[in-house]
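Asker: Taken in sequence, the protein lines are chains E and A.
According to our numbering, the first sequence is numbered sequentially starting from 2.
According to our numbering, the second sequence is numbered sequentially starting from 25.
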Amino acid sequence: MFSIQQRDGNTVVFSGRLDASQADKALRVLDSVRGAVTLDFAGLDYISSAGIGAVVKTNVRLSKSGARIRVINAKPYVRSVFHYAGLDQLVEIE
Amino acid sequence: MSARQMEMSFPRTFAALESIFDFIQECFVTLGVAPDQQNEFDLIAEELFTNMVKYNLDGKHNIVISLERRGDAVKMCLVDRDVRPFDVTKVPDPDLELPLVARRPGGLGLYLVRQMADSLDYEHVGGTSRITATKSVRTPQEKT
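1. With H, G and I counted as helix, E and B as strand and the rest as coil, what does DSSP make of GLN165 (chain A)?
2. If you count every other CB in all the chains shown that lies within 10 Å of the CB of SER49 (chain E), and 16 or more means buried, which is it?
3. By the criterion of Cβ-Cβ separation under 7 Å, what are the contact partners of ASN63 (chain A) in chain E?
4. Please list the segments of the alpha helix (DSSP H) lying wholly inside the segment 27–75 of chain A, counting only runs of 4 or more residues, in order along the chain.
5. Please work out which residues of its chain come closer than 8 Å, Cβ to Cβ, to PRO164 (chain A), disregarding the five sequence neighbours upstream and downstream, and give them in chain order.
6. Could you check the C-alpha separation between ASP32 (chain E) and LEU81 (chain A) for me, to the nearest Å?
7. Rounded to the nearest angstrom, what separates LEU41 (chain A) and GLY67 (chain E) at their Cα positions?
8. Mind listing the chain A neighbours of ALA68 (chain E)? Cutoff is C-beta to C-beta under 7 Å, in chain order.
9. Does chain E have any CB closer than 7 Å to the CB of LEU55 (chain A)?
10. Run through chain E and tell me which residues come within less than 8 Å of LEU102 (chain A), C-beta to C-beta.
11. If you draw a straight line from the C-alpha of ARG105 (chain A) to the C-alpha of PHE42 (chain E), how long is it?
12. Buried or exposed: where does VAL112 (chain A) fall if 16 or more other Cβ atoms within 10 Å of its Cβ makes it buried?
13. Does DSSP put GLY44 (chain E) in a helix, a strand or coil?
14. Closest to GLY133 (chain A) by C-alpha separation, out of A:ALA69, A:CYS101 and A:CYS51, would be which residue?
15. Within its chain, find whatever has a CB closer than 6 Å to the CB of SER153 (chain A); leave out the 5 residues flanking it on each side and keep chain order.
16. May I ask you to check if the CB of ARG94 (chain A) is nearer than 6 Å to at least one heavy atom of the ligand COA?
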């Protein structure tokens, strides 16, 4: 079960498992984000390349206006996928 | 089939992923593998399965996934019939300095598979593709 929710304008909260069958759902919410955004991964248990793709696509779009993505509360597995994908060089991970 | 090997077939749709993850969870219990390693096997299965779905569009058959415990390792095998060759071990690594949209399709997922698995083998015989990923595992009571 995957859920994604935008809160107070600049924080997007993820929970559950973000696999290829859920990437479009994630992208629909991320596409509505404007300006700098924080992705709260505290409840995110799983991510694959499809979810990474949604984050990268959003990062590319936001970076055109100088905005950045910040990731917080990523669990060790999710953090390792970001590292392997080289995303820890593209987005700020706390 | 021995109790150390389990097999199931899945329809060629991303909607099958949840059933695949459930199957791997069941395999881990039966094969005595620590559950904290499941995400890595889920990712390997998802990336290989979705590649078969996306890049073998003419495929008509279900994709068969099997897991087998061999000592301290698990071999996970995905088999797709009546398909053209697509050697996943020959796909070059993506340029991680580029945004994903500029990378070769499928490159990142297969790159992640190579990072997670200890070895990855591919064969295409008589129209059947067989991809085997092997990874060392722990039993539930073992500590890292």
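Glycine included, each C-beta is placed from N, C-alpha and C at the ideal position.
Answerer: This is what the structure holds:
1. For the purposes of this step, residue 165 (chain A) is identified with residue 141 of the second sequence, where counting begins at 1. In this structure, GLN165 (chain A) counts as coil in the three-state DSSP scheme.
2. As a working mapping, residue 49 (chain E) is identified with position 48 in the first sequence. SER49 (chain E) comes out buried.
3. Walking along the second sequence from the start, residue 63 (chain A) turns up at place 39. Going along chain E in sequence order, the residues near ASN63 (chain A) (Cβ under 7 Å) are TYR47 and TYR78.
4. 41–55
5. Translated into the one-based positions of the second sequence, residue 164 (chain A) becomes position 140. Listed in chain order, the non-local C-beta contacts of PRO164 (chain A) below 8 Å within the same chain comprise GLY56, VAL57, ALA58 and PRO59, local neighbours out to five positions each way being set aside.
6. Within the first sequence, numbered from 1, the residue matching residue 32 (chain E) stands at position 31. Within the second sequence, numbered from 1, the residue matching residue 81 (chain A) stands at position 57. Each residue's alpha carbon lies about 28 Å from the other.
7. Within the second sequence, numbered from 1, the residue matching residue 41 (chain A) stands at position 17. Within the first sequence, numbered from 1, the residue matching residue 67 (chain E) stands at position 66. The C-alpha of LEU41 (chain A) lies about 36 Å from the C-alpha of GLY67 (chain E).
8. Working through the first sequence from its first residue, we reach residue 68 (chain E) at position 67. Here the premise fails: no neighbours, minimum Cβ distance about 15 Å.
9. In the second sequence, the residue the question calls residue 55 (chain A) occupies position 31. Not one chain E Cβ lies under 7 Å of LEU55 (chain A).
10. Mapped onto the second sequence, residue 102 (chain A) falls at position 78. For LEU102 (chain A), there are no neighbours in chain E by C-beta distance under 8 Å, as the nearest C-beta there is about 15 Å away.
11. Your numbering for residue 105 (chain A) matches position 81 in the second sequence. Your numbering for residue 42 (chain E) matches position 41 in the first sequence. Their backbone Cα atoms lie some 38 Å apart in a straight line.
12. Indexing the second sequence from 1 puts residue 112 (chain A) at position 88. The residue is buried, with at least 16 neighbouring Cβ atoms inside 10 Å.
13. As a working note, residue 44 (chain E) is residue 43 in the first sequence. Three-state result, GLY44 (chain E): strand.
14. Translated into positions along the second sequence, residue 133 (chain A) becomes position 109. Ranking the options by Cα distance to GLY133 (chain A), first place goes to A:ALA69.
15. Translated into positions along the second sequence, residue 153 (chain A) becomes position 129. If we look at SER153 (chain A) and ignore the five residues flanking it on each side, its Cβ neighbours are ASP104 and VAL107.
16. The ligand content of the structure shown is nil, which means the ligand COA is not present either.
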